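Following: one structure in structure tokens, then a few remarks.
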Amino acid sequence: MKRLIKNGILVDAQGESQQDILLENGLIQRVAPQITPTPDTEVIDASGMYVMPGGIDVHTHFNIDVGIAKSCDDFFTGTRAAACGGTTTIVDHMGFGPKGCSLHHQLEVYHRDAVDKAVIDYSFHGVVQHVDDDILHEMQSMVEEEGISSFKLYLTYGYKLNDADVLRSLKRLHEVGALTTVHPENDAAIALRRSELVAQGKKAPIYHAHSRPLECEAEAIGRMINLAQLAGNVPLYIVHLSNGLGLDYLRLAKKAGQPVWVETCPQYLLLDMNHYLREDGLKYVLSPPLRPHAELDKLWVGIADGSIDTVATDHCTFPYSQRLDMGRDDFTRCPNGLPGVENRMPLLFSEGVMCGRITPSRFVELTSANPAKLFGMWPQKGNLNVGSDADLVIFDPHAKVTIQHQDLHDNVDYSPYEGFHCQGWPVMTLSRGEVVATQGKFTGKAGHGRFIRRKPFAYPED
Ligand code: URP
Ligand code: ZN
Ligand code: ZN
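To convert, count from 1 in the sequence shown and add 56; that's our numbering.
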């Protein structure tokens with residue numbers, strides 16, 4: 057099937073121009089100011105709309121088992137929600153497996169979970185939950201044979217790594233062509249503060265934020281920057297940045313020429329820690345937690361000035377009913393994580409582009425081009441070049457939509473963005489040329505999504 061999108065404003069990370077775009081065999085076939093359709097071509101009129109590379113969300117957790125609970129979106133409902141929100145590729149962070157398991161163990165579990173379910177293309181980040189010679193050796197085949205060219209290390213939670221193991225991982229991952237990503241929070245400081253709060257009976261949701269203040273995160277970011285330098289100035293990617301102090305450390309490192317990149321998420325741009333004081337405060341428990349309101353503006357500056365590189369979601373869903381059952385009397389028992397995969401693109405488009413904070417091109421850079429470049433999917437994805445996958449989203453900048461969970465396509469029972477008004481909305485999503493969502497309706501099918509064997513890490517060119 058050939059599809060021709062006519063009269064739209066094509067936007068990529070370089071700029072925008074009015075062009076037609078022809079899709080054939082799942083790829084972008086032609087881009088030109090005027091393309092005349094042949095009789096076998098379906099024509100989509102995009103007058104007055106932006107036509108952009110489909111979103112790439114490089115931070116989701118579908119089906120993740122966090123020990124005390126399992127997240128409720130699987131690779132079908134999670135990717136369905138992603139597609140309906142204009143996202144055409146996800147890279148899921150694998151959860152921890154049984155103690156002592158190999159890297160391939162989790163990869164096999166995740167392949168089984170995703171195949172036949174995903175409705176858009178997908179890949180996985182590896183997870184390093186312990187370090188020994190076998191694991192260090194195995195990293196090479198994960199990259200070269202399996203196409204897993206990024207890994208996450210945790211500085212907190214059960215399988216946190218110590219500094220020596222972080223150093224060994226950083227060096228080895230770079231050697232085998234993988235990008236190290238890290239969840240940076242100071243575990244010891246959090247454990248101490250948390251036990252003091254709990255001993256004082258301070259177990260309401262707001263104390264989740266007080267137990268892990270922004271200095272815990274910023275300290276760990278600073279430490280990781282220095283460890284990456286000590287490991288030989290190796291590349292480093294910080295996930296889910298929530299505050300301005302951490303961003304200042306990253307700016308310093310970038311200015312000094314260190315290869316560091318940073319991701320933030322809509323929740324840190326749009327929601328503050330006052331949400332923990334609401335009656336339904338448990339809905340917002342995640343780590344790092346929501347921050348004081350002043351931090352939001354600092355992150356928006358980073359979005360606008362180029363010091364933040366990507367926006368992902370960290371989509372990790374636990375129903376509010378389950379959160380209440382488990383965490384009603386004690387925030388430490390509430391599973392951590394927030395929904396968001398369906399709303400990342402419209403929220404950033406509305407609050408970023410339509411509010412005049414960023415250009416449409418910068419939006420593409422943050423949501424698609426940079427993720428593709430950093431995670432080994434460029435130029436197959438993240439752009440509108442001839443020969444690239446026909447993964448597209450069409451945004452109507454005139455549409456006004458109020459987010460209501462009842463209209464979303466995930467498997468959870470609330471949205472942290474309920475009632476948010478969006479100016480501009482993704483009205484059609486195409487995955488390799490197939491329409492997988494249109495006008496808020498899912499039109500794709502389970503199993504359409506393909507595993508993306510990612511290329512080894514390469515330094516992105518400007
Ligand atoms: O609270 C969060 N973010 N849960 C998901 C796991 C993680 O740390 O990314
Ligand atoms: Zn994390
Ligand atoms: Zn995460």
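From the three backbone atoms N, C-alpha and C, an ideal C-beta is built for every residue, glycine too. Just so you know, these numbers come straight off a predicted model, no measurement behind them.
In this structure T320 does not touch H349 by the C-beta definition: roughly 16 angstroms separates them, more than the 8 angstroms allowed. Between the alpha carbons of Q74 and A234 lies a distance of about 38 angstroms.
Within 10 angstroms of the beta-carbon of Y515 lie fewer than 16 other beta-carbons, which makes it exposed. In its chain, beyond the 5 residues on either side, V184, L217, V222, S225, T236, V238 have a beta carbon closer than 7 angstroms to the beta carbon of L209.
Taking 8 angstroms as the cut-off, the beta carbon of N399 is found no closer than this to the beta carbon of I359.
Looking at V483, T133, Y340, the one whose alpha-carbon comes closest to that of F405 is V483.
Take W356, set aside five residues on each side of it, and the residues of its chain with a beta-carbon closer than 7 angstroms to its own are L325, R413, in chain order. Runs of the beta strand (DSSP E) lying entirely within the segment 286–374 and spanning at least 3 residues, in chain order: 292–297, 316–320.
Taking 8 angstroms as the cut-off, the beta carbon of T143 is found no closer than this to the beta carbon of D169. Taking 7 angstroms as the cut-off, one finds at least one heavy atom of ligand 3 near enough to the beta carbon of H296. Note on geometry: alpha-carbon atoms of V147 and F132 lie some 14 angstroms from one another. Taking the C-beta atoms as reference points, T369 is found no nearer than 8 angstroms to N467. Linking E490 to S377 through their CA atoms gives a straight-line distance of about 36 angstroms. If you draw a straight line from the Cα of H454 to the Cα of K58, it is about 28 angstroms long. The Cβ atoms of H181 and H149 lie closer than 8 angstroms to each other.
Counting the other Cβ atoms within 10 Å of the Cβ of I124 gives fewer than 16, which makes it exposed. Contact check between the segment 60–72 and the segment 427–440: three or more CB pairs, one atom from each, fall below 8 angstroms, which counts as touching. Taking a C-beta distance under 8 angstroms as the contact criterion, D101 and Q90 do not qualify as a contact pair. In this structure, W481 and F451 form a Cβ contact; the two beta carbons are roughly 7 angstroms apart against a cut-off of 8 angstroms. When distances are taken from the beta-carbon of L342 to the heavy atoms of ligand 1, the shortest one is below 7 angstroms. Cβ contact annotation for A287 (same chain, cutoff 6 angstroms, sequence separation greater than five): L223, L226, K227, in chain order. Between V254 and L292 the beta-carbon gap is near 33 angstroms, outside 8 angstroms, which marks them as no contact.
Setting aside the 5 residues that flank it on each side, K310 is surrounded in the same chain by V316, S363, each with a C-beta closer than 8 angstroms to its C-beta; the list follows chain order. Shortest gap from the CB of H264 to any heavy atom of ligand 2: 7 angstroms or more.
In terms of Cα proximity to G110, the closest of L303, N426, P269, L394 is N426.
The three-state reading of DSSP puts F387 in helix, counting H, G and I together. Remark: C-beta atoms of Y332 and A265 approach each other more closely than 8 angstroms.
Within the same chain, no Cβ atom closer than 6 angstroms to the Cβ of N282 is found once the five residues on either side in sequence are excluded. Bridge partners of V99 according to DSSP: L60.
A straight line joining the alpha-carbon of L303 with that of V99 spans about 45 angstroms. Straight through space, the alpha carbons of Y166 and R86 are spaced by roughly 36 angstroms. Under DSSP, D113 forms a beta bridge with I146. Proximity of the beta carbon of C372 to ligand 3 is indicated: a heavy atom of the ligand is located closer than 7 angstroms. Non-local C-beta neighbours of V187 in its own chain, meaning closer than 7 angstroms and more than five positions away in sequence, comprise L217, D221, R224, S225, ordered along the chain. For D221, the uninterrupted alpha helix (DSSP H) run begins and ends at 219–232, by DSSP. Within the same chain, Cβ atoms closer than 7 angstroms to the Cβ of F419 are found at L404, F405, G408, V409, the five residues on either side in sequence being excluded.
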